[in-house]
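*Asks:*
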Amino acid sequence: GDSVTQMEGPVTLSEEAFLTINCTYTATGYPSLFWYVQYPGEGLQLLLKATKADDKGSNKGFEATYRKETTSFHLEKGSVQVSDSAVYFCASIKAAGNKLTFGGGTRVLVKP
Amino acid sequence: DVKVTQSSRYLVKRTGEKVFLECVQDMDHENMFWYRQDPGLGLRLIYFSYDVKMKEKGDIPEGYSVSREKKERFSLILESASTNQTSMYLCASSLVDNRAYEQYFGPGTRLTVT
Chain A
114 GDSVTQMEGP VTLSEEAFLT INCTYTATGY PSLFWYVQYP GEGLQLLLKA
164 TKADDKGSNK GFEATYRKET TSFHLEKGSV QVSDSAVYFC ASIKAAGNKL
214 TFGGGTRVLV KP
Chain B
623 DVKVTQSSRY LVKRTGEKVF LECVQDMDHE NMFWYRQDPG LGLRLIYFSY
673 DVKMKEKGDI PEGYSVSREK KERFSLILES ASTNQTSMYL CASSLVDNRA
723 YEQYFGPGTR LTVT
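From first to last, the protein sequence lines stand for chains A and B.
Heads up, the first sequence is in my numbering, so the first residue is 114 and it goes up one at a time.
Heads up, the second sequence is in my numbering, so the first residue is 623 and it goes up one at a time.
(1) Can you name the residues of chain A whose CB is closer than 8 Å to the CB of PRO683 (chain B)?
(2) Between the region 695-708 of chain B and the region 640-653 of chain B, can you find at least three pairs of beta-carbon atoms closer than 8 Å?
(3) Once you ignore the five residues that flank THR137 (chain A) on each side, which residues in its own chain have a CB closer than 7 Å to its CB?
(4) Which class does ASP660 (chain B) belong to by DSSP, given the choice of helix, strand or coil?
(5) What does ASN653 (chain B) reach in chain A if we use C-beta pairs closer than 7 Å?
(6) Touching or not, the region 215-225 of chain A and the region 189-202 of chain A, by the rule of three or more beta carbon pairs under 8 Å?
(7) For chain A, check one thing: does any of its Cβ atoms lie closer than 7 Å to the Cβ of PHE727 (chain B)?
(8) Run through chain B and tell me which residues come within less than 7 Å of GLY216 (chain A), C-beta to C-beta.
(9) Interface residues of chain B around LEU157 (chain A) at Cβ under 8 Å?
(10) Apart from the five residues on each side of it in sequence, which residues of its chain come closer than 7 Å, Cβ to Cβ, to GLY638 (chain B)?
(11) Select from B:TYR672, B:SER671, B:ILE668 and B:GLN659 the residue whose C-alpha is nearest the C-alpha of LEU157 (chain A).
(12) In terms of residue numbering, what span does the beta strand (DSSP E) encompassing MET120 (chain A) cover?
(13) So what's ASN653 (chain B) in DSSP terms, helix, strand or just coil?
(14) Under 7 Å between C-beta atoms, does GLY730 (chain B) make it to chain A?
Right under this line is the structure:
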C-alpha cells in the first residue's frame with residue numbers, strides 16, 4: 114500500500130538556521146503531496162501542497178518541491194523562528210482519493 | 623472561521639469502560655475522519671464517514687466503532703476501553719470534491735485508560 118516516510122526528530126535548531134525535513138513516498142500512480150503542521154496544543158493545519166510533478170508548494174517561508182524521479186517532497190525554510198517550533202507531517206493522497214496517508218511526524222524545536 | 627471541535631481535551635477512563643468521543647464541524651463538510659496519533663507512528667486512520675449514516679473502516683478499526691446520525695457530528699466509540707487505546711485522538715473534516723486533501727482538524731482529545 115501507499116506509505117510516507119519522513120526523518121525522525123527531534124530536530125533542534127537555533128533561530129535563523131536553515132531547516133530541511135526529508136520526506137519520501139511510495140504510491141501507485143501520481144499522488145498529491147502535502148505538509149501539515151501541528152503547533153503545541155493544537156490540531157493539524159495544512160501548510161502547503163503540490164499536486165503534480167515539479168510543482169513547488171510554498172507558505173509562510175516554507176517550500177517543498179514534488180520530485181517524481183526521487184519520490185520525494187522535502188520541506189525547507191531558509192531562516193527559522195522560535196514560532197516555527199512544531200511537529201511537521203508529510204502526507205499523500207491518491208488522485209480522486211479522500212484518505213490521507215501520513216508520515217510519522219518530525220518534531221522541530223527552534224531555540225532563541 | 624472554520625471550526626472543528628472535540629468534546630474533551632483530556633479524558634481519563636478505566637479499563638473496560640465504554641467511552642464516547644464527540645466531534646462537531648460547522649463547515650457543512652461531507653467527509654469526517656477519526657485518527658489516533660502516537661509518537662513515531664504519525665496519524666493512523668481509525669474510521670471515516672463520507673455521509674450521514676455511512677462509514678468506512680480505516681487502517682486500525684479494531685476495538686472502535688463510529689456513529690454519524692447528523693452531518694455535523696461524528697462520534698468515536700470505544701466499546702470496552704483498554705490500556706493500549708491510550709492515545710491522542712484527532713477528528714477532521716473535509717469536502718468531498720477534489721479538495722478532499724484539505725482536512726480541517728480539531729484540537730484533539732488526549733485519552734488515558736488506566
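All C-beta atoms, glycine included, are put in the ideal place defined by N, C-alpha and C.
If you're wondering where the values come from, they're calculated on a predicted model, not measured in any experiment.
*Replies:* The structure says:
(1) Result: empty, since nearest Cβ-Cβ is about 13 Å, beyond 8 Å.
(2) The region 640-653 of chain B makes contact with the region 695-708 of chain B: 3 or more CB pairs, one atom from each, lie closer than 8 Å.
(3) Counting only residues of its own chain and dropping the five nearest sequence neighbours on each side, THR137 (chain A) has a CB closer than 7 Å to the CB of THR118, THR184 and SER185.
(4) Reduced to three states, the DSSP call for ASP660 (chain B) is strand.
(5) Under the 7 Å cutoff, chain A gives ASN211.
(6) The region 189-202 of chain A and the region 215-225 of chain A touch, with three or more beta-carbon pairs separated by less than 8 Å.
(7) Taking Cβ atoms only, chain A reaches closer than 7 Å to PHE727 (chain B), which makes this a yes.
(8) Within 7 Å Cβ-Cβ: GLY664.
(9) Neighbours of LEU157 (chain A) on chain B, chain order: LEU665, LEU712, ALA714, GLN725 and PHE727.
(10) Only SER702 and ALA703 meet the Cβ criterion.
(11) Taking only the C-alpha atoms, the option nearest LEU157 (chain A) is B:GLN659.
(12) For MET120 (chain A), there is no enclosing beta strand (DSSP E), as DSSP marks it with neither H nor E.
(13) In this structure, ASN653 (chain B) counts as strand in the three-state DSSP scheme.
(14) Cβ-Cβ to chain A under 7 Å: yes for GLY730 (chain B).
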